[in-house]
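*Asks:* I have a structure here, written as structure tokens, and I will follow up with some questions on it.
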Amino acid sequence: MDAATQSLTTFTLYRPAPPTGDPRAVAVARCAWRVLDEIDYGLILLSASGELQHANQLGWSELSRARFLRMEEGQVVGETPAVTQELRRGLQAAALGRRHMLMLREGGDVLPVTCVPLMPAEGSATPVLLMLARQSATRNLNVGFFSRTHGLTAAEESILRHLCEGLQVKEIARVKGITPSTVRTHLRSLREKTGLRHIRLLAQRVAMLPPMLPTNPTLMSGPSAGRVVHQ
14 MDAATQSLTT
24 FTLYRPAPPT
34 GDPRAVAVAR
44 CAWRVLDEID
54 YGLILLSASG
64 ELQHANQLGW
74 SELSRARFLR
84 MEEGQVVGET
94 PAVTQELRRG
104 LQAAALGRRH
114 MLMLREGGDV
124 LPVTCVPLMP
134 AEGSATPVLL
144 MLARQSATRN
154 LNVGFFSRTH
164 GLTAAEESIL
174 RHLCEGLQVK
184 EIARVKGITP
194 STVRTHLRSL
204 REKTGLRHIR
214 LLAQRVAMLP
224 PMLPTNPTLM
234 SGPSAGRVVH
244 Q
């Protein structure tokens, strides 16, 4: 088992200790955690020095995969010194109140990340929210909901998913092992059922839908199977 795979099976899901006292405050805090977990963006809350404060499911999924970012003694660092240096620059900019865009690179892969300064508590340093690039539309619930809303068949939904991945007619035909004419037949049906005259508008319409995650815990690569740790 390689290090990345092992990290997926051994991590623990970090949660800040819930507030005590007013039951309504506790309920709101727990509801806020659930709201963050339903969003199809990785969200990682750090102190200005890089200490982990909170992560939603997709944020933890990215950390556990250790492709670009990982945990090291309570700190979020890059998988390479270059990525760590880039992350530190973003945190420093955010600590000064400036939003900063990072393009973390590892090999041929790129992870866009925005460092967003948040309102600090009185007397404390500015916390920083890392907003990771959104999941592919074909991995979240958008295509499925869109398909059911418009009464698409399983074959038409499959074609739509490939469109959202940026594939052209000939590429879809090759991937699915069908003829281009069959793909065009499905596309014609898609246009009729959705009322969209141009195929490119289909992918755009799906991309504009709310970023919802599926309830299947296997997508999370671990957090839903992990144990909660209050610190």
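So in the numbering used here, spot 72 of the sequence shown is number 85, and the numbers just go up one at a time.
Here a beta-carbon is modelled for each residue, glycine too, at the ideal position from N, C-alpha and C.
Note that this is a predicted model, so its numbers are computed, not measured.
Identify whether T11 lies in helix, strand or coil by the three-state DSSP scheme.
*Replies:* Nothing in the structure corresponds to residue 11, since the chain is present only between 14 and 244.
*Asks:* Any contact of the segment 161 to 178 with the segment 104 to 113, i.e. 3+ C-beta pairs under 8 Å?
*Replies:* no
*Asks:* Let's test the definition: count the other Cβ atoms within 10 Å of the Cβ of H211 and tell me whether it reaches 16, buried, or not, exposed.
*Replies:* Translated into positions along the sequence shown, residue 211 becomes position 198. Classification of H211: exposed, given that the 10 Å Cβ count is below 16.
*Asks:* Ordered along the chain, which non-local residues of its own chain (more than five positions away) have a Cβ less than 8 Å from that of E119?
*Replies:* Along the sequence shown, one-based indexing puts residue 119 at 106. Excluding positions up to five away in sequence, the list reads R80, F81, E92, T93 and V96.
*Asks:* At which residues does the beta strand (DSSP E) containing R83 begin and terminate?
*Replies:* Locating residue 83 in the sequence shown gives position 70, where the first residue counts as 1. Start and end: L82 to E85.
*Asks:* Excluding the 5 residues preceding and the 5 following R112 in the sequence, name in chain order all residues of the same chain whose CB lies nearer than 6 Å to its CB.
*Replies:* Your numbering for residue 112 matches position 99 in the sequence shown. Excluding residues within five positions, the ones whose Cβ falls inside 6 Å are V129.
*Asks:* I'd like the list of long-range same chain contacts for A150, defined as Cβ closer than 7 Å, with 5 residues on each side in sequence excluded.
*Replies:* Along the sequence shown, one-based indexing puts residue 150 at 137. Below a pLDDT of 50, predicted positions are generally treated as unreliable, and A150, at 49, falls in that range; the measurement from the model is reported next regardless. V156, C177, V219 and A220, listed in sequence order.
*Asks:* Could you have a look at D122 and say whether DSSP puts it in helix, strand or coil?
*Replies:* Mapped onto the sequence shown, residue 122 falls at position 109. Three-state result, D122: strand.
*Asks:* Between which two residues does the alpha helix (DSSP H) containing L109 stretch?
*Replies:* One-based indexing of the sequence shown puts residue 109 at position 96. Segment: none, L109 is in no alpha helix (DSSP H) and carries neither H nor E.
*Asks:* Tell me, please, which residues DSSP counts as bridged to T127.
*Replies:* Here residue 127 refers to the residue found at position 114 when the sequence shown is read from its first residue. Answer is M114 and M144, bridged to T127.
*Asks:* In the DSSP assignment, find the beta strand (DSSP E) that holds L203 and state where it starts and stops.
*Replies:* In the sequence shown, counting from the first residue as 1, residue 203 sits at position 190. Per DSSP, L203 belongs to no beta strand (DSSP E); it is in the alpha helix (DSSP H), P193 to T207.
*Asks:* So what does V90 bridge to, in DSSP terms?
*Replies:* If you number the sequence shown from 1, residue 90 lands on position 77. Paired residue(s): R83.
*Asks:* Report the CB separation of E75 from L145 in whole angstroms; it is logged as a contact under 8 Å.
*Replies:* The residue you call residue 75 lines up with position 62 of the sequence shown. The residue you call residue 145 lines up with position 132 of the sequence shown. Yes, they are in contact, since the Cβ atoms of E75 and L145 sit about 6 Å apart, within 8 Å.
*Asks:* Identify the residues that DSSP records as bridge partners of A68: which are they?
*Replies:* As a working mapping, residue 68 is identified with position 55 in the sequence shown. BP columns for A68 point to I57.
*Asks:* Along the alpha helix (DSSP H) that carries S160, what are the first and last residues, could you check?
*Replies:* Position 147 of the sequence shown, counted from the start, is the residue given in the question as residue 160. First-last of the alpha helix (DSSP H) with S160: N155 to T162.
*Asks:* Are the segment 157 to 173 and the segment 197 to 210 touching, with three or more C-beta to C-beta distances below 8 Å?
*Replies:* Verdict: yes, contact present.
*Asks:* Quick one, which of Q98, T139 and R37 has its alpha-carbon nearest L58's?
*Replies:* For the purposes of this step, residue 58 is taken as the residue at position 45 of the sequence shown. Per the Cα distances, T139.
*Asks:* Considering only residues of the same chain and omitting the five flanking positions on each side of L49, which have a CB-CB separation below 7 Å?
*Replies:* Counted from its first residue, the sequence shown places residue 49 at position 36. Correct list, in chain order: L56 and N69.
*Asks:* Say yes only if the C-beta of L71 is nearer than 7 Å to one or more non-hydrogen atoms of the ligand HEM, and no if none qualify.
*Replies:* As for the ligand HEM, it is missing from this structure, which has no ligand bound.
*Asks:* I'd like to check one pair, L203 with L165: are the Cβ atoms closer than 8 Å?
*Replies:* In the sequence shown, counting from the first residue as 1, residue 165 sits at position 152. In the sequence shown, counting from the first residue as 1, residue 203 sits at position 190. Contact: yes.
*Asks:* Going by C-alpha to C-alpha distance, which of K206, R83 and T195 sits closest to H163?
*Replies:* Residue numbering aside, residue 163 sits at position 150 when the sequence shown is read from its first letter. That would be K206, whose Cα lies nearest to the Cα of H163.
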